[in-house]
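Quick notes on the structure that follows.
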Amino acid sequence: MSSQDIVARSDRHLMQTYLRAPVAFVRGEGAHLWDAEGKEYLDLFACLAVTNLGHAPKAIAEAIQAQTAKLFHVSNLHYCEPQAKLAEMLCANSFADRVFLCNSGAEANEAAIKLARRWGHANGGKRFEVVTALGSFHGRTLATLTATGQEKVRVGFHPLPEGFRYVPYDDLAALDRALTDTTAAVLLEPVLGEGGVVVPKPDYLAGVRKLCDERGILLMLDEIQVGMGRTGTLFAYEQAGIVPDVVTLAKALASGIPIGACLAKSHVADVFGAGAHGSTFGGNAVAAAAAVATLETMLAPDFLPGVRKRAAHFRAGLDRIAAKSPKVTAVRGMGFIQGMQLTEPGAPIVAACLAKGVLLNATADTVLRFLPPLVITEDDIDRALAVVEEVLCS
Ligand SMILES: *Cc1c(COP(=O)(O)O)cnc(C)c1O
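In my numbering, the protein residues as written are 292 to 685.
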């Protein structure tokens, strides 16, 4: 099928829930993608922080093939080896004691919200409310769009579930005022992704941890976008020097195969007994095998140091463009999640870069968001940024 054909047939029959650019990809390798006509693109988007290991990474493809040759799926009324390995690896390399496996980010946050409610019931019965940040994004199910601190995702979906409250991000005094004896948990992104790549002050998360400890409230972090090496460490919370109670993952966890995970300390996880939560496909054998291979790749000794080095090179390139372009007022981010604050809407810039073969994204209207595959080479970074510079400086 030609790109035009794919676009036309999709638009005729899919619900029109996305604003898509008319490009259809058929093949990828590393940070390179090809459309149906053979045009090559350089990727600074990684399918929205999903393909962190690049497109069709060999080690993951082999793990998937090996698993599909044996078994596609095992019900959660029985056991399978990829799930056992994945849960063990996630716990061994994080703060967590236990993991609930599901299929997406929204489901991981839904699990976290249910966990917070159950934990509140099990600990005195008064605490149920979840406090989240204005500008946050936590998903599109009814509970997670209510947790999301943006009115636009809620339009037309009332009545909404109760028990959510919003505070300005990166404002400890406001959080302090919002916490009550009915608060069960604070749910935050370590960096606001959809909200415009907003990095909080260095001591913010430690301050949140302290407030939660003083009040007996859970600290839950949504690392769906910034986890899995994106910020230069396996998880972003590591750089804040804190231990959360709950962390949610999805996006890059299995390199593009659908999966989600809700990680928790045992004092929280233990409130989920048999029948408290579940998912038919949660921890599916193929998805879990892909996640195990993804973690094995990222935990190799040279991987994360290499990510940090290339991310510093990338950031230096963005800073150079910002110094030259009158359209850029600030660059902010951590590792390979970087944002450029523009003086004008980002969508036309994104479209101009796409026409020149570079994929990136705009969010919060005037922020260019860069989420390259973590494996992108310095040469590809330089080539892609030359295009971004051409567009931003013309
Ligand atoms: C993408 C995202 C989600 C939702 O994940 P889905 O897999 O689309 O449900 C939740 N939180 C954050 C921070 C995200 O970036």
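Every residue gets a Cβ at the ideal spot worked out from N, C-alpha and C, and that includes glycine.
Looking only at its own chain, which residues have a Cβ that is under 6 Å from the Cβ of residue i, when we skip the five neighbours before and after it?
i, result
"G440", "T423, A424, L425, G426, S427 and Y457"
"V314", "D326"
"Y332", "L324, G648 and L650"
"G430", "G396, A397 and N400"
"E529", "none"
"K615", "C684"
"Y495", "D461"
"A638", "A653"
State the Cα-Cα distance for the pair residue i and residue j, rounded to the nearest angstrom.
i, j, result
"E453", "P596", "43 Å"
"E372", "M519", "22 Å"
"D462", "M292", "51 Å"
"R318", "E680", "26 Å"
"F661", "G416", "43 Å"
"A576", "Q358", "7 Å"
"H412", "A299", "51 Å"
"E635", "L377", "44 Å"
"W410", "K501", "19 Å"
"P459", "A677", "36 Å"
"K405", "A581", "27 Å"
"L586", "D504", "31 Å"
"K443", "D388", "36 Å"
"A354", "L665", "20 Å"
"L344", "G498", "33 Å"
"M306", "D593", "43 Å"
"D472", "L509", "12 Å"
"Q295", "K330", "14 Å"
"S301", "A312", "12 Å"
"N414", "A560", "13 Å"
"P493", "I533", "12 Å"
"N613", "T620", "The identity of residue 613 in the sequence shown is Ala, whereas the question assumes Asn. Their Cα atoms are separated by approximately 7 Å."
"N652", "A322", "15 Å"
"H558", "A476", "14 Å"
Assuming residue i contacts residue j under a Cβ cut-off of 8 Å, what Cβ separation, rounded to an integer in Å, is found between them?
i, j, result
"A399", "I548", "15 Å between Cβ atoms; not a contact."
"G551", "G396", "6 Å"
"A579", "Q356", "Not really, about 15 Å apart at Cβ, beyond 8 Å."
"A403", "K542", "Their Cβ separation, rounded to whole angstroms, is 15 Å, which puts A403 and K542 out of contact at 8 Å."
"V482", "A527", "6 Å"
"V517", "G484", "7 Å"
Which residue's Cα is closest to the Cα of residue i: the options?
i, options, result
"L553", "V577, A464 and A407", "Inspection of the sequence shows that residue 553 is occupied by Cys rather than by Leu. That would be A407, whose Cα lies nearest to the Cα of C553."
"F363", "L633, G624, T571 and S557", "T571"
"L683", "V477, V341, V641 and R521", "V641"
"R468", "L544, R506 and L324", "R506"
"G569", "G498, D296, N394 and M380", "N394"
"A584", "H558, L436 and L381", "L381"
"T524", "N384, G430, V365 and A350", "N384"
"S366", "I533, G574 and E485", "G574"
"L479", "A464, H449 and V538", "V538"
"A555", "A352, F391, T308 and A360", "F391"
"F316", "I297, R303, I667 and H304", "I297"
"V489", "C644, M631, E320 and A337", "M631"
"A655", "L540, K349, L544 and G487", "G487"
"T657", "L633, E669 and C338", "L633"
"T386", "R303, P535, L544 and E669", "It should be noted that the sequence gives Phe, not Thr, for residue 386. Comparing Cα-Cα distances from F386 to each of R303, P535, L544 and E669, the minimum goes to P535."
Using a Cβ-Cβ cutoff of less than 8 Å, which residues in the same chain neighbour residue i once the five nearest sequence positions on both sides are dropped?
i, result
"R606", "V622, G624 and Q629"
"I672", "R601, H604, F605, G608 and P663"
"R599", "G523 and G626"
"E445", "Looking at the sequence itself, residue 445 is Arg, so the reference to Glu does not match. Answer for R445: L436, T437, T439 and L451, listed in chain order."
Based on DSSP bridge pairs, tell me the residues matched to residue i.
i, result
"H346", "G321"
"D326", "F316"
"Y332", "L324"
"F455", "V421"
"L692", "The chain is shown from 292 up to 685; residue 692 falls before or after that span and cannot be answered."
"F448", "According to DSSP, which records beta bridges pairwise, F448 is partnered with nothing at all."
"V538", "L512 and L554"
Is it the case that the CB of residue i approaches a heavy atom of ligand 2 more closely than 7 Å?
i, result
"Q358", "This structure simply doesn't include ligand 2; it includes ligand 1 instead."
For residue i, I'd like the list of residues in its chain whose CB is within less than 7 Å of its CB, leaving aside the five on either flank, ordered along the chain.
i, result
"R674", "L333"
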